[in-house]
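Number of protein chains: 2
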Amino acid sequence: MKCGIISVGTELLMGQITDTNAVYASEHLRSLGIDVIYRYTVGDNTERLKKTIKNAFTECDILISIGGLGPTEDDLTKETFCEVMGVPLYRDEKTMMELEDNARQHQKVLTDNNYKQALLPEGAVIFYNGAGTAPGFAVEKDDKIFICMPGPPREFISMWENGVEDYLKKLGNGEIYFRVIRLFGKGESVIETDLIDLIDNQTDPTIATYAKEGECTIRVASKHTDPEEARRKVDDMTEIICQREKDYVYTIDDEPLVMIVGRKLLEKHLSISCCESCTGGMFASLLTSVPGISEVFDRGLVTYTYNAKMNELGVKEETLSKYTAVSRQVADEMVTGLHKKTGSDVCVSVTGLAGPGGGTKRKPVGLVYIGCIVRGRKKIVKLNISDLGRAWIRKYATLAMYNIINRMIDGEKIPPM
Amino acid sequence: MKCGIISVGTELLMGQITDTNAVYASEHLRSLGIDVIYRYTVGDNTERLKKTIKNAFTECDILISIGGLGPTEDDLTKETFCEVMGVPLYRDEKTMMELEDNARQHQKVLTDNNYKQALLPEGAVIFYNGAGTAPGFAVEKDDKIFICMPGPPREFISMWENGVEDYLKKLGNGEIYFRVIRLFGKGESVIETDLIDLIDNQTDPTIATYAKEGECTIRVASKHTDPEEARRKVDDMTEIICQREKDYVYTIDDEPLVMIVGRKLLEKHLSISCCESCTGGMFASLLTSVPGISEVFDRGLVTYTYNAKMNELGVKEETLSKYTAVSRQVADEMVTGLHKKTGSDVCVSVTGLAGPGGGTKRKPVGLVYIGCIVRGRKKIVKLNISDLGRAWIRKYATLAMYNIINRMIDGEKIPPM
């Protein structure tokens, strides 16, 4: 079953708002086993909407429109769909009564425009609006289905949850099952090369790789009338991939690395402190995005100057002058000093060159050292991060810190990253 | 000039990521006077992309594609556009060399997939990628223009700012001149009410307000064949708006608050240190995104526990137990302790309740105290931030810290925020 989504509204085309409804619909349709093959955004323009509906129906079985159901003149989605599909409108008494009740309650007078909302397509399944006034609906005609929903996100989600989702569930054939494997420390193109035989030869389950800011994800998906069969195929393939990439995979449940580390720290009651140079507080900032982390997070130090490194962490002046701030020795003294100061179960340090500029042949931009102590066990890790800009180096170094902590908590070895 | 945007990527259709690039492009195209009339989202599917390009070009003069320029097999945007438009590809030596340099630097081996990125359309204007490896380009053929850009937001924005925008500017008829006024501390709807007479009665220049994560921006734009005329109109209106909102405006040059503060610190050689509780390192992390800031940034402390606040900053135990951590007194002792420890010219502290949970009637979620010392002058500011979630409260508190520092450096009073 192929589906298209049409978002209607000039404000979308002007970039004034982000289309979160279409993302919500895409995600939920996928889990119902309905493939979204196109998304369209059109302004409040009858001719362009007509053209889009006609184009979309050449390939799609279902079209879902979002927006343009309100009372004003530029709300024209319903009328346009009905015109294209040849479906007449009738006046829905229940909607009429609700509009009048609502107006009475808020001491407002209904305008002609308001009455427009009570006109609905003949033969439609109506989805009354639990969070606003405009009803939505589904119409089945000539082997095609069109569903019109309101644009305000609160109304859209309420209607999806209380009507549209159940309606759609009855349409899908077979449930889709998928897993998202996340990896850190290997680029997308290398992973794809590793898995090329699987990707090229496999049609069920399907395998797709994506790159996301230094991380890579692999999506394994299957669709069957028998959900057990889909699950088995996906889980088998997931195991094969995890086996090949075992040094890099950190989850098969699509959970961000920081959340995994945060959860483990809280579960195991491990206190944590950090000291950062090149990442400048990014590690601490990300860690404190985890709700409840105050139970285990003691403190973070951003030691930018030599002075701060010496005063706060007891890094020795001669170490700094002999090896410079970006060195294995300084990362080591930083994490050792932090551990001495805080006694936290997990201590992590980072020092590196984020650029722009300042790099040399021996110490290029992107060179980063991470020190980590987990329950007395210490590791110093060297990274050569590709110089894709200051922000990227900082982000990558931060993720690498989480990756190292995650592996050390589990007692796993640290692969090259 | 009519424009369409095609976002390419199955992950978009599956709702795995939100298409922020298309929103960015829509907003910026509008400010260049180019109308976006359609947006499309297509998966990694050659036939559907072909169909979409053909359909779009029946009405659009320009098409901008986003995504699908990477090295992997499902990256097919370039090839598909060139096939539809009949433009041959050639191997670009500069891109080849950059790919090889990059690989050598990072001791990696280039795969065949990597080489695919060096193939570019003949006669294209090339936009080299300052933040990644895949170049973008613009091709003009048969009165149509197609522009292909990479999907990762960092690469997309960098390429837009460093090439595509200038290219597009030359296409519009008549130059558009605009200013972006940025404000902090007042909501978009209040500002819109303040300016409603200007917004309603003015067609040239146009005035539009946008809300962005706690900040508000006002865009004043005019388009004329005589650029001087446009400039004069925009500057006059900008002055009127700044006069009305003078306690809240911090720039008329669309510069982020952190960059303004960073620039002032560097220019005036003011050293800075910070200590954070609820923002958890966000202030330091944002500050260290400013290149060169290491010249003035001494250190940052994330003092999450009572212990850390006492040990690192000398906050008194009785102050914590009498007033709790979220209090004017603790914000004061934090910043005073930090100043004593570091002697930095600018010291800032923050303590607050970011939630979720933990709020009481007297101390609700969103209550935040900020302490700030600038060259010996101290201010403690109380904020009641709307509880729109933990992330929002942290972000807003961070921006408020920058706003306070910015105003104190200039010797201006602190308005309620």
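Protein chains in written order, with the working numbering: chain A, -11 to 405; chain B, -11 to 405.
For glycine and all other residues, C-beta sits at the position ideal for the given N, C-alpha and C.
If you're wondering where the values come from, they're calculated on a predicted model, not measured in any experiment.
Going by the CB atoms, is the gap between residue j and residue i shorter than 8 Å?
i	j	result
PHE271(A)	VAL338(A)	yes
ASN391(A)	TYR238(A)	yes
GLU88(B)	ALA119(B)	no
ARG79(A)	ALA106(A)	yes
ASP49(B)	LYS(-10)(B)	yes
VAL11(B)	LEU17(B)	no
ALA385(B)	VAL353(B)	no
TYR26(A)	VAL30(B)	yes
CYS360(B)	LYS370(B)	no
CYS204(B)	GLU176(B)	yes
SER14(B)	GLY173(A)	no
LYS157(A)	LEU20(A)	yes
TYR311(B)	VAL303(B)	no
LEU183(B)	ILE240(B)	no
Give a yes or no on whether 8 Å exceeds the smallest Cβ distance from residue i to chain A.
i	result
ARG18(B)	yes
THR181(B)	no
TYR12(B)	yes
TYR26(B)	yes
SER332(B)	no
ALA209(B)	no
SER273(B)	yes
ASP242(B)	no
HIS327(B)	no
PRO279(B)	yes
Which residue or residues does DSSP assign as beta-bridge partners of residue i?
i	result
VAL222(A)	According to DSSP, VAL222(A) bridges with nothing at all.
SER(-5)(A)	THR29(A) and ILE54(A)
VAL127(A)	PHE134(A)
GLY359(A)	SER337(A) and ILE368(A)
ARG170(B)	THR205(B) and THR239(B)
ILE195(B)	VAL208(B)
ILE114(B)	PHE125(B)
PRO109(B)	LEU77(B)
LYS(-10)(A)	ASP23(A)
With a threshold of 8 Å between beta carbons, is residue i in contact with chain B?
i	result
VAL75(A)	no
PHE125(A)	no
THR197(A)	yes
TYR292(A)	yes
LEU289(A)	yes
GLY377(A)	yes
VAL30(A)	yes
ASN295(A)	yes
LEU387(A)	no
TRP148(A)	no
GLU300(A)	yes
LEU87(A)	no
ARG407(A)	Not covered by the structure: residue 407(A). The range shown for chain A is -11 to 405.
PRO138(A)	no
ASP131(A)	no
ASP286(A)	yes
Roughly how many angstroms separate the alpha carbons of residue i and residue j, rounded to a whole number?
i	j	result
GLU482(B)	ILE(-6)(A)	Residue numbering for chain B in the displayed model covers -11 to 405; residue 482(B) lies beyond these limits and cannot be assessed.
LEU1(A)	ASP224(A)	43 Å
VAL178(A)	ASP7(B)	25 Å
SER210(A)	ASN117(B)	36 Å
VAL249(B)	ARG365(B)	17 Å
ALA379(A)	CYS266(A)	10 Å
PRO279(A)	ARG232(A)	34 Å
SER374(A)	MET405(A)	11 Å
ALA388(B)	GLY268(A)	19 Å
GLU321(B)	GLY347(B)	22 Å
THR291(A)	LEU301(B)	15 Å
ARG407(B)	SER332(A)	Residue 407(B) lies beyond the residue range present for chain B, which begins at -11 and ends at 405; the question has no answer from this structure.
THR99(B)	THR83(B)	15 Å
VAL97(B)	TYR103(B)	11 Å
PHE45(B)	ASP130(B)	11 Å
Could you check if residue i belongs to the surroundings of the ligand NAD, using beta carbon to heavy atom distance under 7 Å?
i	result
VAL336(A)	For the ligand NAD, the structure offers nothing, since it holds no ligand at all.
- Message: Going residue by residue through the region 235 to 290 of chain B, where are the continuous alpha helix (DSSP H) segments of at least 4 residues, counting only ones entirely within it?
- Response: Every alpha helix (DSSP H) of 4 residues or more that sits fully in the region 235 to 290 of chain B is shown, in chain order, as 245 to 255 and 270 to 275.
- Task: Entirely within the region 15 to 49 of chain A and at least 3 residues each: give me those beta strand (DSSP E) ranges in chain order.
- Result: For the region 15 to 49 of chain A, whole beta strand (DSSP E) runs of length 3 or above, ordered along the chain, are 23 to 30.
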